[in-house]
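Structure first, commentary second.
Number of protein chains: 2
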Amino acid sequence: MPFDAQLIETPAAAVFGDSRGTSPFDGVQIRYAREEEIFGEGEPAIYVYKVLSGAVRTYRILRDGRRQIDEFHFARGYFGIEAGEEHRTSAEAIADSTVLIARRISLAGLAGQDNDIARQLLKLTVEGLQRTQDHVVLLGRKSACERVASLLLDLSERAGNPRTLEVPMSRQDMADYLGLTIETVSRTLTQLQVDGMIYIPTSRRIVLRDRAALLDMVE
Amino acid sequence: MPFDAQLIETPAAAVFGDSRGTSPFDGVQIRYAREEEIFGEGEPAIYVYKVLSGAVRTYRILRDGRRQIDEFHFARGYFGIEAGEEHRTSAEAIADSTVLIARRISLAGLAGQDNDIARQLLKLTVEGLQRTQDHVVLLGRKSACERVASLLLDLSERAGNPRTLEVPMSRQDMADYLGLTIETVSRTLTQLQVDGMIYIPTSRRIVLRDRAALLDMVE
DNA sequence: CGTTAGTTTGACCTAATTCAAATACTGTGG
DNA sequence: CCACAGTATTTGAATTAGGTCAAACTAACG
Chain A
1 MPFDAQLIET PAAAVFGDSR GTSPFDGVQI RYAREEEIFG EGEPAIYVYK
51 VLSGAVRTYR ILRDGRRQID EFHFARGYFG IEAGEEHRTS AEAIADSTVL
101 IARRISLAGL AGQDNDIARQ LLKLTVEGLQ RTQDHVVLLG RKSACERVAS
151 LLLDLSERAG NPRTLEVPMS RQDMADYLGL TIETVSRTLT QLQVDGMIYI
201 PTSRRIVLRD RAALLDMVE
Chain B
1 MPFDAQLIET PAAAVFGDSR GTSPFDGVQI RYAREEEIFG EGEPAIYVYK
51 VLSGAVRTYR ILRDGRRQID EFHFARGYFG IEAGEEHRTS AEAIADSTVL
101 IARRISLAGL AGQDNDIARQ LLKLTVEGLQ RTQDHVVLLG RKSACERVAS
151 LLLDLSERAG NPRTLEVPMS RQDMADYLGL TIETVSRTLT QLQVDGMIYI
201 PTSRRIVLRD RAALLDMVE
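Top line first, the protein sequences correspond to chains A and B.
Residues in the first sequence are numbered from 1 upward in steps of one, following the numbering used here.
Residues in the second sequence are numbered from 1 upward in steps of one, following the numbering used here.
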């Protein structure tokens, strides 16, 4: 069995959460500047992370430099929870960000605990899996236009459905999340604006003028 | 919180596994014929599943019929483990298959258990997440040729690295897993054969003639 | 303000799709 | 065991969505 004693990372929700402290490293708060690396692919996974403010991207890079962004993480989101001993992705701050860091707990450590911790960790992992499954459908079967619309709606939803999105990531980040190029993302946004579905007062601010039409487009 | 009491499905490994029976429904064995549906998207997730023999696909369908296969499941693989009350994917037998079925256990049921069960379930979920993350990179950033080579190597690895693959799925299944069309899959396979990397004695049998070259291609 | 990086737009190109047809397989009934 | 019908696969030709390369524009920052 490839997974064993050290299978499980710190159960972030439990550790970060309420009153239940389990290690001297609980809840160390760290600030990262825009574009700063938080951890790199292949590094030992010593900590788990929770975004307090700002935004983080996790991604993987192919040999020749192609980048695929796995997920964007915003306030209250967890990242860096790995199965094995190493991080399988890299993580960087998209904007200046505050991140809560806790030392992971090994499975051995977990064993003696209230299994609420395992349940919390499972919940986080399952949520991540479901988001990733949606991402697979987007990348495998959606057009550029549908992909961009999906992202805009997702960003809006995660921010509490504001009509005006403050977009923290660059066009390149969007492209690398959506499996497109920066030019296609830009052209598609322009087209959505021409069609009256969105309005782009500045490149980092996007107004969803017709949410119904956008929703209709993403399925 | 969207997830709660019924968050967790039957911990399949524990229920299916060794000696630990927890419900009268443990380990019911069912045969499915080729192309038979096992469950449908949106149906209540009452059971969890383990492949004993054969092959299963889980997939999602967009409004207009586009299909994205999420994952192929072979002997010893688990599927149908969901977070919520409903299946988020559909599942069908690719070939005649035997499947072990167990009633899921709610979180409430899990709470009283040895938390080994939660750990097993977490392990399964994490493995699934990692596979799905690889799938995201494949769909987002790899060429048709790289995608096909990745699939062949993955199938081989999961079967214990045989040189000759007995491929249970159709070209259409491959296409819907790889985010390509059936024609592109076929052409790409032909090209890999022309290049000497594989040999295709029959459409459902593929010999990996140059594993190193294939590996080199997928990164 | 000028420099630099990020974004948009334009023109052209190509990988993959689409549409269409040929070929090869599978299973069934005679 | 063979012929046939139906399905799956392969191949071909034409099209296109999205990519590439290049230049113009815009905005942030020292």
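Heads up, the beta-carbon is just placed ideally off N, CA and C, and yes, glycines get one too.
*Going along the stretch 64 to 79 of chain B in order, which residues come within less than 7 Å of chain A, judged by CB to CB distance?*
Within the stretch 64 to 79 of chain B, those residues whose Cβ lies closer than 7 Å to any Cβ of chain A are, in chain order, 66, 68, 70.
*asked:* Is it buried or exposed, residue 33 (chain B), if we count other Cβ atoms within 10 angstroms and call 16 or more buried?
replied: Mapped onto the second sequence, residue 33 (chain B) falls at position 33. Its Cβ having fewer than 16 others within 10 Å, residue 33 (chain B) is exposed.
*Taking the alpha-carbon positions, what's the residue 67 (chain B) to residue 30 (chain A) distance?*
Start at 1 with the first residue of the second sequence, and residue 67 (chain B) comes out as number 67. Start at 1 with the first residue of the first sequence, and residue 30 (chain A) comes out as number 30. So the two alpha carbons sit approximately 43 Å from each other.
_Once the 5 residues before and after residue 182 (chain A) are set aside, which same chain residues still bring their CB inside 6 Å of it?_
Here residue 182 (chain A) refers to the residue found at position 182 when the first sequence is read from its first residue. Within the same chain, and ignoring the five residues on either side of residue 182 (chain A) in sequence, the residues whose Cβ sits closer than 6 Å to its Cβ are 171, 172, 175.
*Within-7 Å CB hit, residue 218 (chain B) to chain A*: The residue given as residue 218 (chain B) occupies position 218 in the second sequence. No Cβ of chain A is located within less than 7 Å of the beta carbon of residue 218 (chain B).
*Host alpha helix (DSSP H) of residue 123 (chain B) (start-end)*: Taking the second sequence and counting its residues from 1, one reaches residue 123 (chain B) at position 123. First-last of the alpha helix (DSSP H) with residue 123 (chain B): 116 to 141.
*Would you say residue 211 (chain B) reaches chain A, if we count a Cβ-Cβ gap shorter than 7 Å as a contact?*
What you label residue 211 (chain B) is simply residue 211 of the second sequence in a count that begins at 1. Cβ-Cβ to chain A under 7 Å: no for residue 211 (chain B).
*Under a CB-based cut-off of 7 Å, is residue 108 (chain B) close to chain A?*
Reading the second sequence from its first residue, position 108 is the one you call residue 108 (chain B). Unreliable positioning characterises residue 108 (chain B) in this predicted model, as indicated by a pLDDT of 48, which lies under 50. The coordinate reading is nonetheless provided below. It does not: the Cβ of residue 108 (chain B) has no partner Cβ on chain A nearer than 7 Å.
*Going along the stretch 35 to 54 of chain B in order, which residues come within less than 7 Å of chain A, judged by CB to CB distance?*
Going along the stretch 35 to 54 of chain B in chain order, one finds no residue with a Cβ nearer than 7 Å to chain A.
*Nearest chain B C-beta to residue 148 (chain A) closer than 7 Å, yes or no?*
Indexing the first sequence from 1 puts residue 148 (chain A) at position 148. No, because no Cβ of chain B sits closer than 7 Å to the Cβ of residue 148 (chain A).
*Evaluate residue 195 (chain B) with the Cβ neighbour count: other Cβ atoms within 10 Å of its Cβ, from every protein chain shown; 16 or more gives buried, anything less gives exposed.*
For the purposes of this step, residue 195 (chain B) is taken as residue 195 along the second sequence, with counting starting at 1. Counting of Cβ neighbours within 10 angstroms places residue 195 (chain B) among the exposed residues, the total staying below 16.
*Going by beta carbon distance, what residues of the same chain come within less than 6 Å of residue 61 (chain B), once the five residues before and after it are set aside?*
Walking along the second sequence from the start, residue 61 (chain B) turns up at place 61. Here the set comprises 67.
*Just reading off the beta strand (DSSP E) that residue 173 (chain B) is part of, what are its end residues?*
Taking the second sequence and counting its residues from 1, one reaches residue 173 (chain B) at position 173. DSSP places residue 173 (chain B) outside any beta strand (DSSP E); the residue lies instead in the alpha helix (DSSP H), whose first and last residues are 171 to 178.
*Measuring only between beta-carbons, confirm whether residue 24 (chain A) sits less than 7 Å from chain B.*
Taking the first sequence and counting its residues from 1, one reaches residue 24 (chain A) at position 24. Any reading at residue 24 (chain A) must be qualified, since the residue scores a pLDDT of 34, below 50, and its modelled position is unreliable; the value itself is stated next. No, residue 24 (chain A) lies away from the interface with chain B (no Cβ there is under 7 Å from its Cβ).
*Excluding sequence positions up to five away, which residues of its chain have a Cβ less than 8 Å from the Cβ of residue 3 (chain B)?*
Locating residue 3 (chain B) in the second sequence gives position 3, where the first residue counts as 1. Per-residue confidence for residue 3 (chain B) stands at a pLDDT of 28, beneath the threshold of 50, marking its modelled position as unreliable; the derived number appears in the next sentence. Taking residue 3 (chain B) as the centre and dropping the five residues before and after it, the same chain places the C-beta of 83, 84 closer than 8 Å to its C-beta, in chain order.
*Cut-off 6 Å between Cβ atoms - residues of its own chain near residue 37 (chain B), not counting five sequence neighbours on either side*: Taking the first residue of the second sequence as position 1, residue 37 (chain B) is located at position 37. Short of 6 Å from the beta carbon of residue 37 (chain B), and not among the five residues preceding or following it, lie these beta carbons of its own chain, in chain order: 92.
_Cβ-Cβ distance between residue 45 (chain A) and residue 87 (chain A) below 7 Å_ = By 1-based counting over the first sequence, the position of residue 45 (chain A) is 45. By 1-based counting over the first sequence, the position of residue 87 (chain A) is 87. A contact, by the Cβ cut-off of 7 Å.
*Reduced DSSP category for residue 165 (chain B) - H, G, I as helix; E, B as strand; rest coil*: Within the second sequence, the letter at position 165 stands for residue 165 (chain B). In this structure, residue 165 (chain B) counts as strand in the three-state DSSP scheme.
*Cβ pair residue 169 (chain A), residue 101 (chain A) closer than 7 Å*: If you number the first sequence from 1, residue 169 (chain A) lands on position 169. If you number the first sequence from 1, residue 101 (chain A) lands on position 101. Against a cut-off of 7 Å, the Cβ pair of residue 101 (chain A) and residue 169 (chain A) comes out as no contact.
*Contacting positions in the stretch 179 to 200 of chain A - beta carbon closer than 8 Å to chain B*: If the cut-off is 8 Å between Cβ atoms, the stretch 179 to 200 of chain A has 179 near chain B.
*Contact set between the stretch 151 to 172 of chain B and chain A, restricted to residues whose Cβ is under 7 Å from the partner*: Residues passing the 7 Å Cβ filter: none.
*Can you list, in chain order, the residues of its chain whose CB lies under 8 Å from that of residue 162 (chain A), leaving out five sequence neighbours each side?*
Position 162 of the first sequence, counted from the start, is the residue given in the question as residue 162 (chain A). Excluding positions up to five away in sequence, the list reads 156.
*Would you say residue 135 (chain A) reaches chain B, if we count a Cβ-Cβ gap shorter than 7 Å as a contact?*
Within the first sequence, numbered from 1, the residue matching residue 135 (chain A) stands at position 135. The beta carbon of residue 135 (chain A) falls within 7 Å of a beta carbon belonging to chain B, placing the residue at that interface.
*What are the partner residues of residue 86 (chain B), as DSSP defines its beta bridges?*
Taking the second sequence and counting its residues from 1, the one referred to as residue 86 (chain B) is at position 86. Beta-bridge annotation (DSSP): residue 86 (chain B) is paired with B:44.
*Would you mind reading off the limits of the beta strand (DSSP E) that contains residue 208 (chain A)?*
Looking up residue 208 (chain A) in the first sequence gives position 208. In this chain, the beta strand (DSSP E) harbouring residue 208 (chain A) covers 205 to 208.
*asked:* Suppose you measure from the CA of residue 123 (chain A) to the CA of residue 104 (chain B); what does that come to, to the nearest Å?
replied: As a position in the first sequence, residue 123 (chain A) is number 123, starting the count at 1. As a position in the second sequence, residue 104 (chain B) is number 104, starting the count at 1. Each residue's alpha carbon lies about 16 Å from the other.
*Determine the chain B residues that contact residue 88 (chain A) at a beta-carbon separation under 8 Å, and present them in chain order.*
Locating residue 88 (chain A) in the first sequence gives position 88, where the first residue counts as 1. Chain order gives the chain B residues near residue 88 (chain A) as 130, 133, where near means a beta carbon separation below 8 Å.
*If I'm right that residue 190 (chain A) touches residue 144 (chain A) with Cβ under 8 Å, what's the distance once you round it to whole angstroms?*
Here residue 190 (chain A) is taken as the residue at index 190 of the first sequence, counted from 1. Here residue 144 (chain A) is taken as the residue at index 144 of the first sequence, counted from 1. Separation of the CB atoms of residue 190 (chain A) and residue 144 (chain A) is rounded to 12 Å, and the pair is thereby denied contact status at 8 Å.
*What's the gap between the Cα of residue 207 (chain B) and the Cα of residue 200 (chain B)?*
For the purposes of this step, residue 207 (chain B) is taken as the residue at position 207 of the second sequence. For the purposes of this step, residue 200 (chain B) is taken as the residue at position 200 of the second sequence. Taking the straight line joining both Cα atoms gives about 6 Å.
_If contacts are defined as beta-carbon pairs under 8 Å, then residue 214 (chain A) and residue 149 (chain A) qualify, I think. What distance do you get, rounded to the angstrom?_
Taking the first residue of the first sequence as position 1, residue 214 (chain A) is located at position 214. Taking the first residue of the first sequence as position 1, residue 149 (chain A) is located at position 149. Contact flag correct, Cβ pair sits at about 5 Å.
_For chain B, check one thing: does any of its Cβ atoms lie closer than 7 Å to the Cβ of residue 214 (chain A)?_
As a first step, residue 214 (chain A) is located in the first sequence; it is residue number 214 there, counting from the start. It does not: the Cβ of residue 214 (chain A) has no partner Cβ on chain B nearer than 7 Å.
_residue 158 (chain B) versus B:131, B:40, B:212, residue with shortest Cα-Cα distance_ = Walking along the second sequence from the start, residue 158 (chain B) turns up at place 158. Nearest C-alpha to residue 158 (chain B): B:131.
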